[in-house]
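Sequences listed follow chains S and F, in order. Quick note on numbering: the first sequence equals residues 1 to 248 in the numbering used here. Quick note on numbering: the second sequence equals residues 249 to 496 in the numbering used here. In what follows, a single structure is set out as structure tokens and then discussed.
Number of protein chains: 2
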Amino acid sequence: MKAPHTKRPNPIADDGDEFTFCSTCAFSAACLARGLGKPELRELHVLVEHIGPFKEGEHIFREGDEFNAIAAVRGGTVKTYVNDAEGREQVQGFFLPGEVIGLSAISQGRYPCNAVALDTVILCRFSFTSMAALATRMPGLQAQLFRLLSEDIGKAALLAGNYSADERMAAFLISLSRRYAARGFSASRFQLTMTRTDIANYLRLAAESVSRVFRRLQDEGLIRVDRRDIELLDIKRLEELARSVLRE
Amino acid sequence: MKAPHTKRPNPIADDGDEFTFCSTCAFSAACLARGLGKPELRELHVLVEHIGPFKEGEHIFREGDEFNAIAAVRGGTVKTYVNDAEGREQVQGFFLPGEVIGLSAISQGRYPCNAVALDTVILCRFSFTSMAALATRMPGLQAQLFRLLSEDIGKAALLAGNYSADERMAAFLISLSRRYAARGFSASRFQLTMTRTDIANYLRLAAESVSRVFRRLQDEGLIRVDRRDIELLDIKRLEELARSVLRE
DNA sequence: ACTCGCCCTTGACTCAAATCAAGGCGCAGC
DNA sequence: GCTGCGCCTTGATTTGAGTCAAGGGCGAGT
Chain S
1 MKAPHTKRPN
11 PIADDGDEFT
21 FCSTCAFSAA
31 CLARGLGKPE
41 LRELHVLVEH
51 IGPFKEGEHI
61 FREGDEFNAI
71 AAVRGGTVKT
81 YVNDAEGREQ
91 VQGFFLPGEV
101 IGLSAISQGR
111 YPCNAVALDT
121 VILCRFSFTS
131 MAALATRMPG
141 LQAQLFRLLS
151 EDIGKAALLA
161 GNYSADERMA
171 AFLISLSRRY
181 AARGFSASRF
191 QLTMTRTDIA
201 NYLRLAAESV
211 SRVFRRLQDE
221 GLIRVDRRDI
231 ELLDIKRLEE
241 LARSVLRE
Chain F
249 MKAPHTKRPN
259 PIADDGDEFT
269 FCSTCAFSAA
279 CLARGLGKPE
289 LRELHVLVEH
299 IGPFKEGEHI
309 FREGDEFNAI
319 AAVRGGTVKT
329 YVNDAEGREQ
339 VQGFFLPGEV
349 IGLSAISQGR
359 YPCNAVALDT
369 VILCRFSFTS
379 MAALATRMPG
389 LQAQLFRLLS
399 EDIGKAALLA
409 GNYSADERMA
419 AFLISLSRRY
429 AARGFSASRF
439 QLTMTRTDIA
449 NYLRLAAESV
459 SRVFRRLQDE
469 GLIRVDRRDI
479 ELLDIKRLEE
489 LARSVLRE
């Protein structure tokens, strides 16, 4: 499950493309190394550990675990969640390839939530202590870390709003669409890797409401859903619906 | 309105107490400099600008303004908010003395929200660029910045939950109580510096609901409210109510 | 092929909070 | 002191989403 990165025979490429300096690190480069020069990438590179694959349902970390590393998703989908006092699951986020998990753990030194694989997941793990040490010598890396952290504050605030079930769902779908599109996948058709209950717990709805919202949006011709397969038929109108949630 | 800090005749104190190294910077020290040594404090000190006072209703920054500084509240209360597509105000937070505003602006280089003074507010402002530069030479300061940013991710997630009006209100009151207590004020009695409408927009309730929740909690003997003056009569039971929101 | 279990959908009913409507209170300014 | 305007409260009614209950359908494992 744990493969020290340095054992992999992938020499740092010599061309100028920062995203190919190590084929298996494309995503970590995209997540953390944007804007860094090649010597810096070389140093960052040795901190990377590839871990996984995790199977569906396997936990990556659990609430209360000691924090020591942040991780970038390379493949699959990760769900983070907590259980509230009544045992109900509150989903905090879904993380697609290229996204970074674990940042909220920095302040406490412990993970404040659970992270579980929704399908087969592989990760790049970075020791946070080493990253921070490296960042003191690399203003670009430090800036990137500040940026990532700050971004997450804004993301967390989005769902806090006071929106209707339809607005929340539209925002969720548009967000997924854009994130897939940014990674080169189709913006209009993709697989939902999470259950209806997961979506409900993320959007703060009942699972039945998720079902009803899907039906409503389908009847209005905005989407087509068949189990986990979803197609966005009218992205314009979905964006319109999502507009107040996404603040555009 | 803008007073370069270095012009103030407050020499750095020579005793060992980090909170008195500059009497007017006590709060900035508490916010940002915790754990730093005296030579580092000395360097941080020259970055500080005291600004204000802002009068009630004056804006500190507005959505879209260029980001260049974070600020620590030294006195008064700051409200941050955005207006959604329908023009409704969404309050993102209230900031009391000792708390830092503006962190969510880092990722975009622009403030993603408005900040307004609810009463007479004075601030310590720090150029973020200089702070970040300093942080590369001071691992302790860098760690502190990471910690603050990470903390805010967690805070933002709290209100995203799916809680009843009573639970949200109890959590709000307990949070205020603890934050006042941490600054040496009474934990059980304080002034609400914001209107009912502000509280409603923060807790995602209607203003009428805020009024009714106050009445309900008062009738049950948990609090006593008289206009802006509030007393927490049964903190134990309030904490019990707030427990699932605050995740304890 | 069968069956069990999980995931999902649908319908009926309930309920918490929003909305609509009216009026009270306190304070700033005349 | 009076007046007007915010701010706040209270009551009546509505409504969006939750809850409860029932059943359908796919897929994994035998």
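Where a beta carbon is used, it is the ideal one built from N, C-alpha and C, also for glycine.
- In the DSSP assignment, S/I235 falls within the unbroken alpha helix (DSSP H) covering I235 to L246.
- Chain order gives no chain F residues near S/D229, where near means a beta carbon separation below 7 Å; the closest approach is about 28 Å.
- When Cβ-Cβ separations below 8 Å define contact, S/A69 makes no contact with chain F.
- Between F/I308 and F/A363, the gap from beta carbon to beta carbon is short of 8 Å.
- S/F146 has a beta carbon lying within less than 8 Å of a beta carbon in chain F.
- For F/R426 and S/L159, the gap between their C-alpha atoms comes out near 25 Å.
- Taking a cut-off of 8 Å for Cβ pairs, the region 61 to 69 of chain S and the region 90 to 97 of chain S do not touch, as fewer than three such pairs fall below it.
- Within chain S, the residues R247 have their CB atoms less than 7 Å from the CB of F/V330, given in chain order.
- Against F/T384, the close residues of chain S are A135, T136, R137, M138, P139 and Q142, in the order they occur along the chain (beta-carbon pairs closer than 9 Å).
- Here the alpha carbons of F/C361 and F/T328 stand approximately 6 Å from one another.
- Short of 7 Å from the beta carbon of F/P387, and not among the five residues preceding or following it, lies no beta carbon of its own chain.
- Chain-order list of chain S residues neighbouring F/L489: empty, with the shortest C-beta distance near 10 Å, by a criterion of under 8 Å.
- Judged by DSSP in its simplified three-state form, F/G300 adopts strand.
- Annotation for S/S177: the continuous alpha helix (DSSP H) segment containing it runs A165 to A182.
- At least 8 Å separates the CB of F/A455 from every CB of chain S.
- Against chain F, a Cβ distance below 8 Å from S/E58 picks out nothing, because the smallest value is about 23 Å.
- Those residues of the region 433 to 463 of chain F placed with their C-beta closer than 8 Å to a C-beta in chain S are R452, ordered along the chain.
- Three or more Cβ pairs drawn from the region 283 to 302 of chain F and the region 365 to 373 of chain F lie within less than 8 Å of each other, which places the two stretches in contact.
- When rounded, the separation of the alpha-carbon atoms in F/G323 and F/R476 is 18 Å.
- A contact between stretches requires three or more CB pairs, one per stretch, nearer than 8 Å, and the region 121 to 137 of chain S fails this requirement with the region 438 to 450 of chain F.
- At a C-beta separation below 9 Å, S/P53 has no neighbours in chain F, since its nearest C-beta there lies roughly 27 Å away.
- When CB distances to chain F are screened at a threshold of 9 Å, the residues of the region 96 to 114 of chain S falling below it are L103, S104, A105, I106, S107, Q108, P112 and C113, in chain order.
- Taking one beta carbon from each stretch, the region 478 to 488 of chain F and the region 410 to 429 of chain F have 3 or more pairs nearer than 8 Å; the two touch.
- Around the CB of S/V73, 16 or more other CB atoms lie within 10 Å, so the residue is classed as buried.
- Interface criterion not met: the Cβ of S/E49 is under 8 Å from no Cβ in chain F.
- In the displayed model, S/G75 falls within a strand according to three-state DSSP.
- In the three-state reduction of the DSSP assignment, F/L389 falls in the helix class.
- Cα atoms of S/A69 and F/A490: separation of roughly 31 Å, rounded to the nearest angstrom.
- Among the residues of the region 364 to 380 of chain F, those with a Cβ less than 7 Å away from any Cβ of chain S are A380, in the order of the chain.
- Partner residues in the beta bridge of S/V225, as assigned by DSSP, are S/I230.
- Going by beta carbons, F/I349 and F/A383 fall outside the 8 Å limit.
- Counted as a single uninterrupted DSSP element, the alpha helix (DSSP H) harbouring F/F462 occupies residues A455 to D467.
- DSSP, read as helix, strand or coil, puts F/N362 in strand.
- For S/E151, at least one C-beta of chain F is nearer than 8 Å to its own C-beta.
- In its chain, beyond the 5 residues on either side, V210 have a beta carbon closer than 6 Å to the beta carbon of S/I199.
- Shown here for F/A418: same chain residues with a beta carbon closer than 6 Å to its own, the five before and five after excluded, namely L486, L489 and A490 in chain order.
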